[in-house]
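*Asks:*
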Amino acid sequence: MCGCCGRDLPRTTVHELGGTSEVYVCRRCALWMAARIGRR
31 MCGCCGRDLP
41 RTTVHELGGT
51 SEVYVCRRCA
61 LWMAARIGRR
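Just so we're aligned: 59 in my numbering is position 29 of the sequence shown, and the numbers increase by one with no gaps anywhere.
#1: Report the rounded CA-to-CA distance for G49 versus A65, giving the unit in angstroms.
#2: Reducing DSSP to helix, strand and coil, say where C56 ends up.
#3: Measure the CB-CB distance between C103 and L39 and report whether it falls below 7 angstroms.
#4: Return the CA-CA distance between G68 and T42, expressed in angstroms with no decimal places.
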């Protein structure tokens, strides 16, 4: 499950956030986060 959008996805399609244990995000949310960070 994606910790950002809450979509229920297979574990193979979500990725663990660097320093946070057991927190996963999907590709769509990861791209959104990267775009938001890049705008600062």
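All C-beta atoms, glycine included, are put in the ideal place defined by N, C-alpha and C. Computed from a predicted model, the values in this text were never measured in an experiment.
*Replies:* If we stick to the structure as given:
#1: Indexing the sequence shown from 1 puts residue 49 at position 19. Indexing the sequence shown from 1 puts residue 65 at position 35. Answer to the nearest angstrom: the Cα atoms are 20 angstroms apart.
#2: Looking up residue 56 in the sequence shown gives position 26. Here C56 sits in strand by DSSP.
#3: Because the chain here runs from 31 to 70, residue 103 falls outside it and cannot be looked at.
#4: For the purposes of this step, residue 68 is taken as the residue at position 38 of the sequence shown. For the purposes of this step, residue 42 is taken as the residue at position 12 of the sequence shown. Going by the C-alpha atoms only, they are around 26 angstroms apart.
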